[in-house]
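> Numbered by our numbering, the letters in the sequence shown go through residues 44 to 175 in order. Don't be surprised by glycine CBs; every beta carbon is placed ideally from N, CA and C. To start, I am sharing the structure in question, which I have written as structure tokens.
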Amino acid sequence: MSPDPLADGAPLSQRDDPPAAESSQDPPPAVGPERPLRPLSGGRVVATGLVTGAAGLAIAQFLRTVVAHTPVRLSERTLFWDTVLVSGFGLVAGMAVEAVRQLQLSNPDPEYQRGRRSGGRGGQGRPRGVKR
Numbered sequence: 044m045s046p047d048p049l050a051d052g053a054p055l056s057q058r059d060d061p062p063a064a065e066s067s068q069d070p071p072p073a074v075g076p077e078r079p080l081r082p083l084s085g086g087r088v089v090a091t092g093l094v095t096g097a098a099g100l101a102i103a104q105f106l107r108t109v110v111a112h113t114p115v116r117l118s119e120r121t122l123f124w125d126t127v128l129v130s131g132f133g134l135v136a137g138m139a140v141e142a143v144r145q146l147q148l149s150n151p152d153p154e155y156q157r158g159r160r161s162g163g164r165g166g167q168g169r170p171r172g173v174k175r
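Printed below as a string of structure tokens:
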């Protein structure tokens, strides 16, 4: 029976056996292409929101001009709040679309990253009543 190397109280540098390597196991290989996880870029979300908010403001101004050239009379307060609502909806919609786009790109699931099928209705097959 060999003597226990830990029983003699010698420091690690003087022992015969080399220290065991740290047990850092590599994670299992990914099934799909390796994609680094990217954090959500708030700056891009805000910038996209500002661009779509400006587009909403342009649409609101166009609608305001259309209303001004019709026989319908609206108060300035109503036109102001309509402009605020349309441009605000554009801002929020742009921010939501950009945030969802970034979240989709950062999803590590390879099944989620697989390309969409072309063919119109999302792979539901042919429409009812259509025969080959």
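Determine, using beta-carbon pairs with one atom in the stretch 96-111 and one in the stretch 125-139, whether at least three such pairs fall under 8 Å.
yes
> What is the rounded straight-line gap between the Cα of G99 and the Cα of R116?
22 Å
> Measuring straight from C-alpha to C-alpha, what distance separates E154 and A111?
52 Å
> Taking only the alpha-carbon atoms, compute the straight-line gap between P82 and A142 and give it to the nearest angstrom.
11 Å
> Exposed or buried, which one is G92 when buried takes at least 16 other CB atoms within 10 Å?
By the beta-carbon neighbour count (other beta carbons within 10 angstroms, threshold 16), G92 is buried.
> According to DSSP, is P82 helix, strand or coil?
Coil.
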